[in-house]
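Just so we're aligned, residue 1 is where the first sequence starts under the UniProt record's numbering, counting upward by one. Every residue, glycine too, gets a C-beta built ideally from N, C-alpha and C. Note that the coordinates shown come from a computational prediction; the quantities given were computed from them, not determined experimentally. First the structure, in the form of structure tokens, and then the observations on it.
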Amino acid sequence: MELSPRYNPTEVEEKWYQRWKEAGYFQPSMDGTRPTFCIVMPPPNVTGVLHLGHALNSTWQDILVRFHRMRQDNTLWLPGTDHAGIHTQMKVDELLRNRGQDRLSMGRQAFVQEVWQWKEQYGGHILAQMAKLGASVDWSRLRFTLDEGLSRAVTEVFVRLYEEGLLYRGNYITNWCVSCHTALSDIEVEHEEETGQLTEIAYELTSGVGEIVVATTRPETMLGDTAVAVHPDDPRYQGLVGQWVELPLLGRRIPIIADAYVDPTFGTGAVKVTPAHDPNDFEMGQRHHLDAIKVIGEDGRMTADAGVYAGLTREEARVRVLQDLQAAGRVRGMREIIHAVGHCEKCDTVIEPLLSLQWFVKMRPLAEPAIEAVRSNAVQFAPARFEKIYMNWLENIHDWCISRQIWWGHRIPAYYCDAGHVTVAREPVSQCAQCGRAVVQDEDVLDTWFSSALWPFSTLGWPDMTDDLKTFYPTSVLSTGYDIIFFWVARMIMQGIHFTGKAPFATVLLHGLVRDAEGRKMSKSLGNGVDPLEVIDRYGADALRIALVLGSAPGNDYRWSWERFEAGSHFANKVYNALRFVLMNRDDHKWDPGEINAARSHPVDQWIDERLNDTIVVMTRALEEFEFGQAARAIYDFFWDDYCDWYIEMAKVRLKSAERHEALETLTRVADRALKLLHPFMPFVTEELYHALRPDGGSIMVAPWPEPESGVVRRDAVIAVEQAQSLIRAGRNLRAEVGLAPGQAGSFVALADTPEVLARWQAVHTEAMALLRAQSLQLCLKEDAAPMTKAIASVVVGGTVYLKLEGLVDLKRERDRLEKAKADAEKERNRLASRLHDENFIRRAPHEVVTKTEENLKEVEARIRRLDERQALLQ
RNA sequence: GGGCGGAUAGCUCAGCGGUAGAGCACCUGCCUUACAAGCAGGGGGUCACAGGUUCGAACCCUGUUUCGCCCA
């Protein structure tokens, strides 16, 4: 068999994805007798480029999906993309700008067409990148949030919510981005701590007998003040409530009101009330029937109501208003303050809270069942701690502003006539449902998350009761980052329950954020991200995948570094070379997969089978519990340590003997199963090697997941090999001790304390010799042997191993070595003995622990005896 | 202000009631025909601190320090 000594992932990975796809392996079996397993992929933005966060999430999902597919479950992983309204519109805007065009002059229809064109051209990019990762998604079910079917679902949901009275349209304070020129929902605002100026401004009482001082970080909004508020119980202002003040600069008369919202301990205890530009002030305005005067417009400039300041930007206005207040002698104090300022998530512009006409969803009625679903464990979070975050948000939920003043998205199916009637309809209408007059459709589109919230069922065909919907809904797992629990997870659960009666998934699996080596979030401006495709080019998708999973735990952030990816590629190479070894030896041995349970007697074979069994158990459990790191670690350790470093090395002995056939069979059988265990993590290299191993065995993708053998007792063999390992390690240690070069064979003697130990050693005698590179390894009972003087010794479990020396033993050095070994052993003995002397321990600790401690004590005492004997001999 | 998470070997992180682990880095020796992307051997940790629970705590509880995140 001709195989390069180095694994070349590029060559291998390219061919398999296409073959899998063509063979239809990505599609569900639709076998109704098997359990179903379904994941709908969190749809990346069509504008998106794959980053490590996607890679991590996709790897997790692919591991789960491949695991379940191998278990022969009816498995579906449904892919798709999200139209990402604001983001995509901004991208195309920029594109147009570069061409010297602009959206407003070309008009809505032409613009939307432009976006579709752009989507057709670049929208598949991120999906192609996922294919490179090996994502085994069912491409025949690919969805896009603006697809006809999904759009129908969006309209249906809008209409039904409206009919149920859960939608309303009104003038409320919204988070307005003056740069994106649209309203945003609360959670699309990012609060950042900033240093601001807290200015204290004096408002003169109209009675002429004093002033009231208010504090603000936004002096320009005073132009829109319609009241001053104090706490009703604040003794400082008792007499003033009900009086009027004159608003500086504008001269408007505004009342002093009392409202419990005011915090009497903050600032002067009196606050200016600007209902049109502050959410809390808006609510106070409602309670006290105040006017809301909008002094800042949608473009971020002062309106006509701002008097002489009209036309200035809000930033300019702040400076001017402050100057004028100072000139008028109204400023009573200024100091720096750290406060949270809202910024647009998309463009980082400071958010303007603004009174505007928008559509809202009443969230309270939707939230209740969603809270209950998690409380009753119908939906479970992994890790569970994220439940709290979810609950906390839902319990304090605010209504959701869903209209967006952009063009790219689902247009709101609401129509208005001149008489002010609203018609909400599933199909476009031209006449008002109430008065028959001509109507115009709402210009706005819906928040992208409004459609994403329907994703788990809209992608499966809802509102039609399709076969897919019946089969795969509710889905099994939703895997995503903890940063979008509010944006997406909670809303999906709410909508899912409301419209289908069932929570959309059983488990919410949350991964951490991927960070750079310094622990910073990845960002374009820092340039500290890495393109997963570059990693794949350098090390292969398998290396990337295993590196993302090894040593990571659900919900914990992950720091990437080239070293981790490199380590992943080393493992891929190791796997490849182990199989290369098997394949090179197998030329003369045709392995029949049917022989899997052939009888085998050699202890080394029994031992590796037992280790493999343990690995299967651990991995299966870990995968069921979404502990990918633990599962990966189990197969990594098994493959590298047990299989490569011990089993293959020991098997080499028999490959040169008459037992060649038996060894080859175990080598092959174990490799076959180990590859299967590894396949969900490293699909490409395992498929490649699996085919080489069993050319007519079909794809590993659909091979059955290994089951542990039950009822096979191999305890003796396991102990024998473990004791041999202990002997070999000790012997190697002795070699290193005297600087015996690996090329030089050593002469070893091992003296067993009991016939049982001797028998075990004898069972693996030739293997031990080979691994020790010994020219001889005499095994006998201690009582049958003469004292070993020309040798150095090391005590092991059950006996002592000696390396014979030609010349004189360096007595001093050997005594020191033994002394140190004895000191360690005595420390250990004292520790164990004191535990066993503790009555409480004997009485309260589990029986097995006590027994084990007793055994360990016996063993360490034997070790000390051997060391004593050795020391006596060297006196 | 409320909540959550991290603090374990030089670095990055697993482990989360029964004698401290991995990868990388470091030291020593090896091209032992599967693999130098490797092999063998080795050094290195009062598991942030202080209490408590327990026969037994890195692991559970309480508090403290510190870094980070989320919400208000």
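Asked: Whether Arg-314 touches Gly-329 by CB criterion (9 Å); Found: no
Asked: Buried versus exposed, by CB contacts within 10 Å (16 or more), Thr-33; Found: exposed
Asked: Inter-stretch contact (C-beta, 8 Å, three-pair minimum) for the segment 40-57 and the segment 125-132; Found: yes
Asked: contact_flag[the segment 487-494, the segment 458-476] where n(CB pairs < 8 Å) is 3 or more; Found: no
Asked: Rounded separation between Arg-714 and Glu-767 - CA only; Found: 19 Å
Asked: Buried versus exposed call for Leu-184 [16 or more other C-beta atoms within 10 Å across all chains shown]; Found: buried
Asked: Within 9 Å, strictly: CB atoms of Ala-703 and Leu-579; Found: no
Asked: Test item: CB-CB of Arg-633 and Leu-550 under 9 Å; Found: yes
Asked: DSSP beta-bridge partners of Met-334; Found: Thr-199
Asked: Asp-263 to Thr-206 span [Cα, whole Å]; Found: 25 Å
Asked: Rounded Cβ spacing between Pro-706 and Ile-616 (contact assumed at less than 8 Å); Found: 5 Å
Asked: The segment 232-241 in contact with the segment 286-296 per 3-pair CB rule at 8 Å; Found: no
Asked: Gly-165 and Lys-362 closer than 9 Å at C-beta; Found: yes
Asked: Any non-hydrogen atom of the ligand FAD closer than 8 Å to Ile-484 Cβ; Found: Here there are no bound small molecules, and the ligand FAD is not part of this structure.
Asked: Sequence-distant residues of its chain with Cβ nearer than 6 Å to Tyr-7 (five each side left out); Found: Ala-572, Asn-573 and Tyr-576
Asked: Distance, Glu-566 Cα to Gly-342 Cα; Found: 41 Å
Asked: Buried/exposed call for Trp-359, threshold 16 Cβ in 10 Å; Found: buried
Asked: Host alpha helix (DSSP H) of Thr-500 (start-end); Found: 491-500
Asked: Three-way DSSP call (helix, strand, coil) for Lys-822 in this model; Found: helix
Asked: Between the CA atoms of Ala-453 and Gly-100 - distance to the nearest angstrom; Found: 37 Å
Asked: Assumed close pair Thr-88, Phe-144 - CB separation to whole angstroms, cut-off 8 Å; Found: Not a contact, Cβ separation roughly 12 Å.
Asked: Within 9 Å, strictly: CB atoms of Val-653 and Ala-770; Found: yes
Asked: Residues bridged to Gln-875 (per DSSP); Found: Note: Gln-875 sits in no beta bridge, so no partner.
Asked: For Gln-630 and Thr-507, believed in contact at Cβ under 8 Å, the rounded distance; Found: That pair is no contact at about 17 Å.
Asked: The segment 367-377 / the segment 195-202 touching (three or more Cβ pairs under 8 Å); Found: no
Asked: Delimiting residues of the alpha helix (DSSP H) encompassing residue 876; Found: Residue 876 is absent from the model: the chain starts at 1 and stops at 875.
Asked: Cβ neighbour criterion (16 or more within 10 Å) applied to Tyr-203; Found: buried
Asked: Reduced DSSP secondary structure (H/G/I, E/B, other) of Ala-651; Found: helix
Asked: Asp-605 versus Val-757 - alpha carbon distance; Found: 19 Å
Asked: Per DSSP, the bridge partner or partners of Leu-727; Found: None; Leu-727 has no bridge partner.
Asked: Residue range of the unbroken beta strand (DSSP E) whose run includes Lys-804; Found: 799-804
Asked: Rounded separation between Ala-598 and Asp-614 - CA only; Found: Because Ala-598 sits at a pLDDT of 46, beneath the cut-off of 50, its placement in the model cannot be relied upon, and the point is left open.
Asked: 7 Å CB neighbourhood of Arg-564 in its chain, flanking five on each side removed; Found: Ala-547
Asked: Validate contact between the segment 222-235 and the segment 265-283 using beta carbons, cut 8 Å, 3 pairs; Found: yes
Asked: Through-space distance from Leu-322 to Pro-219, alpha-carbon basis; Found: 7 Å
Asked: Secondary structure of Cys-644, DSSP reduced to three states; Found: helix
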